[in-house]
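Asks:
There are 2 protein chains.
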Amino acid sequence: MATIKDVARRANVSVTTVSATINGTAPVSDALKARVWAAIREVGYQPDPIARNLRKGVSTTIGLIVPDISIPWAAHLAKSMQRAFSEIGYNMLFASSEDDPEREFSEIEVFSAHRVAGLVVVPTSRGENYSARLVEGIHVPTVLVDRVLPQRHFDSVTDDNLLGAQMIVRYLHKLGHRDIAFMAGRTGISSSDERLAGFRRTMDETGVAIREELVRQPVYLRDQAYATVQQLMTLRDPPTAIVCINIAQLLGTMAGLGNLGLSAPDDVSVISFDGFHPAEGWSPAITSLKQDIATTSTRAAELLMARIREENQPEPQVIRVPPSLQIRSSCRAVA
Amino acid sequence: MATIKDVARRANVSVTTVSATINGTAPVSDALKARVWAAIREVGYQPDPIARNLRKGVSTTIGLIVPDISIPWAAHLAKSMQRAFSEIGYNMLFASSEDDPEREFSEIEVFSAHRVAGLVVVPTSRGENYSARLVEGIHVPTVLVDRVLPQRHFDSVTDDNLLGAQMIVRYLHKLGHRDIAFMAGRTGISSSDERLAGFRRTMDETGVAIREELVRQPVYLRDQAYATVQQLMTLRDPPTAIVCINIAQLLGTMAGLGNLGLSAPDDVSVISFDGFHPAEGWSPAITSLKQDIATTSTRAAELLMARIREENQPEPQVIRVPPSLQIRSSCRAVA
DNA sequence: ATAGCGACGCGAAACGTTTCGTCAAACAGG
DNA sequence: CCTGTTTGACGAAACGTTTCGCGTCGCTAT
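Residue numbers (full-length UniProt numbering), protein chains in the order written: chain A, 1 to 335; chain B, 1 to 335.
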């Protein structure tokens, strides 16, 4: 509760000098510096961030907005981000958009009112004029994560989905799979679009014709995947492998298979873009990509800090973090 | 960016009147009220929370500190808490203590400096003089979640662990299990202590002598459970059932069993206090308690708001939220 | 009539910082 | 020796609110 005034009184200098000593914004003689620091220690002074923010117009807080923190991927992202930012003296305001663009915009507004220094957003990417409204509503350094927008207004960090799709398709192809089902999410969401595009491209490269009835879209809720997988597996000529792009799909797919009395990999191979699922001890252990969240967070923090410090304001850039393929036991070779 | 001054100018009243209108802190005639509200709408005024905080000495932000957000239970808690508080106009500062008391204290300090209106903490509950240091460091309405402290200085909300243990033991007993292994966490952490105590008590009640070599403590890391389960299952007389108190234990246990070539429920039954694990589609589907996180969050929010509004300051109370038993397929009957 | 009171409105101080502009002293170059 | 510049320190204003205390008005009860 000690204020800067107490320090000034104690050190027998002006308030201005104390501030200058702390922030190094003006020259202070070594003698005074020593006196001031001593006084600070003696009265146990800690600058009041609120007052500082009011005066400077910007805080030392960054805001994180994710669609749903209860998704393991998002939880790990939050943890990793918090670690990255707390290391450099920032703390985190946190909100969940519940995958609702309106909530997202409102959270952005609230965070802006709180003068956050920067924003990390996993954008919902949906709704009329989404991109324009986002640009309109954000007046703070911002980095987008996981999903990129067609207009490059913001720095973005995302998985290298094309590469990931390539790894998945090539792996399945090597195992002999030709009838591959792909569940895409909503169109317009880059992570889904890119994964689908990568799937198509790599299938092309390997010279396998895609059976369009095996490409289902949009499938983004657990229950949709649950229903979809049952449709797929009751086709006259069912797929030999199913690709899931996220955890909701994977959970629905596994439950749906179970409901049919089918299991992976015996009846069908299952592979996932999302690596946050039980890996050991449960059967089957899902072969999946592993996202490099630590790198994603670090890169995002770097981009954001560069903008905040205004070191330079280059064109917004997109960083793609390569995933790795973790081969487990949910895929088997077919004739 | 409109300030209260702009509103005052526009409505042709004083700044004081605008403030009084907004906050209802002083009588304002209906005529002026109307003018002021109109002006507010016209200039698009939003009060600046920072300035308000500075003047009032308290913010509209509450701080959440959990040991590890990447644990599904904690992620769901965060989601639920955020929902509960955003509904009543509060937003959330968030931090992870990484299960380190020092970090926890430091986070509390940072949040206090930011003048949070209240604190929700899942306390690490470890270290010298923990309780005393906590009381010392916290000068803000606070509610503890999941873990209670021996000294009742704070409101607390926690699972009804005695009841949960009773449900688990009775269920296992009904299935014929007598040789039940129990992995406890660190001593001193109430959630673990209570679960163990409940286990002992209910075993007593059912008249089954506990085989002490099957009670292992402390086991709180995944790898400890991984190792422990292998010791347990290679005893001359191994347990027929294993009780896990949290997700780390469960993951380690399942992996450890897999490593031995054993599986649940064929070789041993497995049951868990923590309900956040894959339930459908994977084998085995773990029979577990289901924690009622929504209720936990609501109760915590209620307790905290009561303290913040100073409606009354009764003795700190402990609320215990009853879990429910979800029977799945990881336990089987034995002779 | 007038003292007293409630309702209403305002100016100014306060919250704890940072920063602007000023000033004295010390120092450099001619 | 004078001028111009740098260094070091400070007082006061500013950030955008809330709140304290005061003043004015109209009403009621004496």
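Quick reminder that beta carbons are idealized off the backbone N, C-alpha and C, glycines included. Computed from a predicted structure; not experimentally measured.
Are three or more beta carbon pairs between the stretch 178–189 of chain A and the stretch 317–333 of chain A nearer than 8 angstroms?
Replies: No: fewer than three Cβ pairs fall under 8 angstroms.
Asks: Quick check on this structure: which residue in B:PHE111, B:SER97 and B:VAL116 has the alpha carbon closest to the alpha carbon of VAL122 of chain B?
Replies: The count along the second sequence starts at 1 and reaches residue 122 of chain B at position 122. That would be B:SER97, whose Cα lies nearest to the Cα of VAL122 of chain B.
Asks: Which residues bound the beta strand (DSSP E) around ALA241 of chain B?
Replies: Here the question's residue 241 of chain B lines up with position 241 in the second sequence. Here the beta strand (DSSP E) through ALA241 of chain B covers 241–244.
Asks: In the DSSP output, which residue or residues are listed as bridge partners for SER283 of chain B?
Replies: Counting from 1 along the second sequence, the entry for residue 283 of chain B is found at position 283. Partner(s): A:SER283.
Asks: Assign residue 356 of chain B to one of three DSSP states: helix, strand, or coil.
Replies: Coverage of chain B is limited to positions 1 through 335, which leaves residue 356 of chain B absent and any answer about it impossible.
Asks: Would you kindly work out how many angstroms separate the C-alpha atoms of ASP320 of chain B and LEU163 of chain B, rounded to a whole number?
Replies: Taking the second sequence and counting its residues from 1, one reaches residue 320 of chain B at position 320. Taking the second sequence and counting its residues from 1, one reaches residue 163 of chain B at position 163. A small fix is needed here, since residue 320 of chain B is Arg in this sequence, not Asp. Spanning the two alpha carbons is a distance of roughly 10 angstroms.
Asks: Within the continuous beta strand (DSSP E) that includes MET254 of chain A, where are the two ends?
Replies: Translated into the one-based positions of the first sequence, residue 254 of chain A becomes position 254. Not the beta strand (DSSP E): MET254 of chain A falls in the alpha helix (DSSP H), residues 247–260.
Asks: In whole angstroms, what separates the C-alpha of THR16 of chain B from that of ASP48 of chain A?
Replies: By 1-based counting over the second sequence, the position of residue 16 of chain B is 16. By 1-based counting over the first sequence, the position of residue 48 of chain A is 48. Straight-line Cα distance between these residues: approximately 26 angstroms.
Asks: Compare the C-alpha of SER131 of chain B against each of B:VAL116, B:PHE273, B:ALA117 and B:ARG147 and name the closest.
Replies: Against the second sequence, residue 131 of chain B aligns to sequence position 131. Taking only the C-alpha atoms, the option nearest SER131 of chain B is B:ARG147.
Asks: Going by DSSP in three states, ALA181 of chain A sits in which element: helix, strand or coil?
Replies: As a first step, residue 181 of chain A must be located in the first sequence, where it is residue number 181. In the structure shown, ALA181 of chain A sits in a strand (DSSP, three-state: E or B).
Asks: Quick check: is the beta carbon of PRO72 of chain A nearer than 8 angstroms to any beta carbon in chain B?
Replies: By one-based count along the first sequence, residue 72 of chain A stands at place 72. With 8 angstroms as the cut-off, PRO72 of chain A counts as an interface residue toward chain B.
Asks: Just the chain B side, please: which residues come within less than 9 angstroms of LEU257 of chain A by C-beta, in chain order?
Replies: In the first sequence, residue 257 of chain A corresponds to position 257, counting from 1. Here the neighbours are GLY281.
Asks: Going by DSSP, name the residue or residues bridged to ARG216 of chain B.
Replies: Walking along the second sequence from the start, residue 216 of chain B turns up at place 216. Note: ARG216 of chain B sits in a beta bridge opposite B:MET183.
Asks: Roughly how many angstroms separate the alpha carbons of ARG307 of chain A and PRO141 of chain A, rounded to a whole number?
Replies: Taking the first residue of the first sequence as 1, we reach residue 307 of chain A at position 307. Taking the first residue of the first sequence as 1, we reach residue 141 of chain A at position 141. Approximately 6 angstroms between the Cα atoms of the pair.
Asks: At a Cβ threshold of 8 angstroms, is LYS79 of chain A touching chain B?
Replies: Start at 1 with the first residue of the first sequence, and residue 79 of chain A comes out as number 79. Judged by the 8 angstroms Cβ criterion, LYS79 of chain A is in contact with chain B.
Asks: Please decide whether LEU260 of chain A counts as near chain B, where near means a Cβ-Cβ distance under 8 angstroms.
Replies: As a working note, residue 260 of chain A is residue 260 in the first sequence. No, LEU260 of chain A does not count as interfacial toward chain B.
Asks: Measuring CA to CA, which of A:ALA26, A:ASN12, A:ASN53 and A:GLY252 is closest to ARG35 of chain A?
Replies: Position 35 of the first sequence holds residue 35 of chain A. Comparing Cα-Cα distances from ARG35 of chain A to each of A:ALA26, A:ASN12, A:ASN53 and A:GLY252, the minimum goes to A:ASN12.
Asks: For VAL120 of chain B, write down the residues that DSSP places opposite it in a beta bridge.
Replies: Walking along the second sequence from the start, residue 120 of chain B turns up at place 120. VAL120 of chain B is bridged to B:LEU64 and B:VAL143.
Asks: Between the Cα of VAL143 of chain A and the Cα atoms of A:GLU315, A:PRO323 and A:VAL334, which residue gives the shortest distance?
Replies: On the first sequence, residue 143 of chain A is found 143 positions in, with the first residue counted as 1. That would be A:GLU315, whose Cα lies nearest to the Cα of VAL143 of chain A.
Asks: Looking only at its own chain, which residues have a Cβ that is under 8 angstroms from the Cβ of ILE247 of chain A, when we skip the five neighbours before and after it?
Replies: Counting from 1 along the first sequence, the entry for residue 247 of chain A is found at position 247. The answer, listed in chain order, is ILE71, PRO72, TRP73, SER272, ASP274, PHE276 and HIS277.
Asks: Assuming the contact rule is C-beta atoms closer than 8 angstroms, PRO265 of chain B and ARG195 of chain B should be a hit. Round their C-beta distance to whole Å, please.
Replies: Position 265 of the second sequence holds residue 265 of chain B. Position 195 of the second sequence holds residue 195 of chain B. Not quite, the Cβ-Cβ distance comes to about 21 angstroms (not below 8 angstroms), so this is no contact.
Asks: In chain B, which residues lie with their C-beta within 8 angstroms of the C-beta of PRO49 of chain A?
Replies: Against the first sequence, residue 49 of chain A aligns to sequence position 49. Within 8 angstroms Cβ-Cβ: ALA113 and HIS114.
Asks: Hey, is VAL110 of chain B's beta-carbon within less than 8 angstroms of any beta-carbon in chain A?
Replies: Working through the second sequence from its first residue, we reach residue 110 of chain B at position 110. Yes, because at least one Cβ of chain A sits closer than 8 angstroms to the Cβ of VAL110 of chain B.
Asks: In whole angstroms, what is the alpha-carbon distance linking VAL58 of chain A and MET1 of chain B?
Replies: As a first step, residue 58 of chain A is located in the first sequence; it is residue number 58 there, counting from the start. As a first step, residue 1 of chain B is located in the second sequence; it is residue number 1 there, counting from the start. Between VAL58 of chain A and MET1 of chain B, the C-alpha separation is close to 13 angstroms.
Asks: In the DSSP assignment, the alpha helix (DSSP H) including ASP193 of chain A goes from what residue to what residue?
Replies: Taking the first sequence and counting its residues from 1, the one referred to as residue 193 of chain A is at position 193. Taken as a continuous stretch (DSSP letters only), the alpha helix (DSSP H) holding ASP193 of chain A covers 190–205.
Asks: I'd like the span of the beta strand (DSSP E) that includes ASN161 of chain B, first residue to last.
Replies: The sequence position of residue 161 of chain B within the second sequence is 161, counting from 1. From DSSP, ASN161 of chain B is part of no beta strand (DSSP E) but of the alpha helix (DSSP H) over 161–174.
Asks: Looking at the unbroken beta strand (DSSP E) that takes in LEU32 of chain B, where does it start and where does it end?
Replies: For the purposes of this step, residue 32 of chain B is taken as residue 32 along the second sequence, with counting starting at 1. Where LEU32 of chain B is concerned, there is no enclosing beta strand (DSSP E), although the alpha helix (DSSP H) it sits in stretches over 30–43.
Asks: Within the 8 angstroms Cβ cut-off, does ILE69 of chain B reach chain A?
Replies: Within the second sequence, the letter at position 69 stands for residue 69 of chain B. It does: the Cβ of ILE69 of chain B has a partner Cβ on chain A nearer than 8 angstroms.
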